[in-house]
Each structure stands twice: as structure tokens, then as C-alpha cells.
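Visitor:
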Ligand SMILES: Cc1cc2nc3c(=O)[nH]c(=O)nc-3n(C[C@H](O)[C@H](O)[C@H](O)COP(=O)(O)O)c2cc1C
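Residue numbers (my numbering): 125 to 482.
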């Protein structure tokens, strides 16, 4: 394993470069956890490939004075539509874990969504950034635990609760099974006592199905927090509509980066249908396979208000800790700005309203 970088070399200029650098700096255990998808990795691979089949149109004589990347979401202004996705156990790739990611979020003014399975405490993370934080909840069988977590997030000033609905159990990740992935003793989900998880072990899985969350739990949580509630992991129109009916504030079109049910369609291919079904009633966020500013502009043009990045956080962290995550965010934001100039969009609203998809 190579040593972590303390500077940015000249040939580290894209998220693909980060992936290459990171893989040389991760243990087999971490590689198996971060770089894999479920089953035959069809969804995992398709998320990225599908972007390559969408082409853009150039409009290079537009008036772009006052160009900016600001967005309004749930009553807050955010500097850019790029958000750090909830990614569990970040200490697997960097000794400072989520604290380092929060420091990167701080210097780049980026919103960070903190995983239920974070390996640093919510207090440590919130002390490390002045940028907005969201809390991602995996609903636990004991509702008291969920309410306590939400209350802590509220007290610490988190701006939204993101409930992940697409991973009630772990996907069958054969790569993890083959390499015998396990959490090292010093890394755990420090914010929850005995969290419910099924990593690589599916014996008696139907027993566990008896205690999995349902729409009733979503409704209960929505009624017990003042924070906006966002559902993460929407991949069909009926769930998008149901979320609206329940008064949910926003949805994230996500297939968990291809880590749950293999052969779900790629998120960018599902997005237009969900955009149509939601009909501007609530904001749609998006993740899965984003590696380029052009991917971001495509997702926004197809209806997303903002996008999240997952694995690129781990690649940045593994390569150069907080510096790597901050640089990853800088690259992506600059690429988005360049794409805006070429497509003739002065702001995020214009990306949504202009016909820039070929
Ligand atoms: C290593 C890893 C851990 C993840 N942990 C969580 C998690 O704790 N909670 C969650 O909602 N999503 C989790 N996700 C999914 C991400 O939030 C996101 O949906 C996905 O990574 C987006 O795809 P991308 O990796 O192609 O950007 C995880 C993803 C990865 C790769």
C-alpha cells in the first residue's frame, strides 16, 4: 500500500485519477467494501456507463454575467448543487474518517450528509465544519433510538433528516464475501448501540424481515421532527408519489451506488420518469455514478435540484485525507462551471429549463 499524499501532484486532475490513486492506498478489506457493488455489479457499472450515452448541446454566445452555482433547498441557500453523500465507516480509508470529510466540507462550503453508520460521533463532525450538515437515518427497530438520533441531530443544528429506504438489508456483495470483509475492531458505528446490519451474512434473513421499516415508520418520523425529511433511495414513480402524499419534503433518486438490489436500472435512466411524476411538487436530488461536471449538468437538466457523490469521497480521503476530499470537490465544481459556460447556462435554474440534452 502506498503512503497518503500530502500534496497534489500534477497528474491528479480528475475524479478518475483519484480512483486510481486511492486504490493504491487502500487495504484489501477497504477496497472490497468501497469499490464493490451487489451481485454481478450490473447496476453499479451501469450508473456510470449510462451517463456516457447522454450527449450535451453547446450554446456559447449567451449572456453569462452574474453566473453562479447557488441553489435554494428547504429554505436554505447552498453554494453549489454538490452534496457529500452519506458514506458509512469513513475511518476505513483515513484515520480521521468523517472529521476529515467535514473539514473538507468546511473549506469548500459544501453540505455534508452524515451516515447513521458514521465512525466519528455527530458531535465531532459538527465541530469540524460550519457548512450545513444533514443526518442520514437507517431506521432502527427501536423507535426510541431513531427519535434520540434525530433529536441529537436537531440539537447539533443539522438542517435535514435523510431517511434511507433502499437498504433495509445489505445487498449481496460477493466481493466483500470473497475477501472476507469485516470491520476492524477500532472502527464501528459509534452513534448507535448495536445497529441492525447484515453485512455478508444472510442466514435467517427472512426472520429479520419481520422487523424491517415500513411506510408507517416514515410517517411517524415525519410527524416527530421539525426538520425537512428527505427519502433516499427512490427508484420508481409510485414511491415518489407516495412520498409526496405523505408530505415528505424531498426525495433522492438513488440505487445506493449499485450496492443493494443488482439489476435495478441506473439512476440517470430512471430520473426523467420520476421528474415527470413528481411534477415540481418537491425537490428531487440524485446520486449514482457522478464523476464529472458534465454528469452533474446532465442530472440537473433531467430534473435534479442537486446531486450527491459517494465513492469519490472515499477516494479523496484514501488518497490525501481532508485535502483529497476538498480537492475532489474543487475539481467537480470547476468542471460544473466549465460545463455551464459551454452549454450557455448562467445558473442552476437555467440548466433545468434550457434544452441542453442533445
Ligand atoms: C462505501 C459506501 C458506504 C455507503 N454508506 C451509506 C450509508 O451509510 N447510508 C446511505 O444512505 N448510503 C450509503 N451509501 C450510498 C451513498 O450514499 C450513495 O448513494 C452512493 O454511493 C452514490 O453512488 P456513487 O458512489 O457512485 O457516487 C454508501 C456507499 C458506499 C460506496
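Beta carbons are placed, not taken as given, at the ideal position from N, Cα and C, and that holds for glycine.
Within 10 angstroms of its Cβ, does residue 250 collect 16 or more other Cβ (buried), or is it exposed?
Guide: buried
Visitor: Please tell me whether residue 419 and residue 168 are closer than 8 Å, where the distance is taken between their beta carbons.
Guide: no
Visitor: Compute the minimum distance between the beta carbon of residue 417 and the heavy atoms of ligand 1, and state whether it is under 7 Å.
Guide: no
Visitor: Can the beta-carbon of residue 207 be found less than 8 Å from the beta-carbon of residue 431?
Guide: yes
Visitor: Report the rounded CA-to-CA distance for residue 277 versus residue 246, giving the unit in angstroms.
Guide: 7 Å
Visitor: Going by DSSP, what residue range makes up the alpha helix (DSSP H) through residue 443?
Guide: Segment 435-467, the alpha helix (DSSP H) holding residue 443.
Visitor: Check whether the Cβ of residue 356 sits closer than 7 Å to any heavy atom of ligand 1, and report yes or no.
Guide: yes
Visitor: Per DSSP, which one or two residues make a beta bridge with residue 356?
Guide: 288 and 376
Visitor: Count the other C-beta atoms from every protein chain shown that fall within 10 angstroms of the C-beta of residue 137, then say buried if there are 16 or more, exposed otherwise.
Guide: exposed
Visitor: Could you check where the alpha helix (DSSP H) with residue 391 kicks off and where it finishes?
Guide: 391-402
Visitor: Check whether the segment 439-454 and the segment 213-228 touch, using three or more Cβ-Cβ pairs below 8 Å as the test.
Guide: yes
Visitor: Using the Cβ count rule (16 or more neighbours within 10 Å means buried), how would you classify residue 343?
Guide: exposed
Visitor: Do residue 212 and residue 242 come within 8 Å of each other at the CB atom, strictly closer than that value?
Guide: yes
Visitor: How many angstroms separate the CA atom of residue 482 from the CA atom of residue 186?
Guide: If I take the Cα positions, the gap works out to 18 Å.
Visitor: Helix, strand or coil for residue 196 per DSSP?
Guide: Residue 196 falls in the strand class under three-state DSSP.
Visitor: For ligand 1, is there any heavy atom lying closer than 7 Å to the beta carbon of residue 236?
Guide: no
Visitor: Please report the Cβ distance between residue 255 and residue 233, rounded to the nearest whole angstrom; I am assuming they are in contact, meaning their Cβ atoms lie under 8 Å.
Guide: 5 Å
Visitor: What I want to know is whether the C-beta of residue 209 ends up closer than 7 Å to one or more non-hydrogen atoms of ligand 1.
Guide: yes
Visitor: Assign residue 430 to one of three DSSP states: helix, strand, or coil.
Guide: strand
Visitor: Taking the straight line between their C-alpha atoms, what separation do you get for residue 248 and residue 395?
Guide: 35 Å
Visitor: Between residue 460 and residue 193, how many whole angstroms is the CB-CB distance? I'm expecting something under 8 Å.
Guide: 6 Å
Visitor: Could you tell me how far apart the beta carbons of residue 224 and residue 445 are, in whole angstroms, since I believe they sit closer than 8 Å?
Guide: 5 Å
Visitor: Note down the Cα distance separating residue 339 from residue 293, rounded to an integer number of angstroms.
Guide: 16 Å
Visitor: Indicate whether residue 195 and residue 437 have their beta-carbon atoms separated by less than 8 Å.
Guide: no
Visitor: Out of 399, 155, 180 and 300, which has the shortest C-alpha to C-alpha gap to residue 480?
Guide: Minimum Cα distance to residue 480 is reached at 180.
Visitor: Identify which residue in 295, 367, 238 and 319 has its Cα closest to the Cα of residue 281.
Guide: 238
Visitor: Select from 346, 380, 302 and 310 the residue whose C-alpha is nearest the C-alpha of residue 291.
Guide: Nearest Cα to residue 291 within the set 346, 380, 302 and 310: 380.
Visitor: Looking at ligand 1, does it come within less than 7 Å of residue 435, judged from the CB to the closest heavy atom?
Guide: The answer is yes for residue 435.
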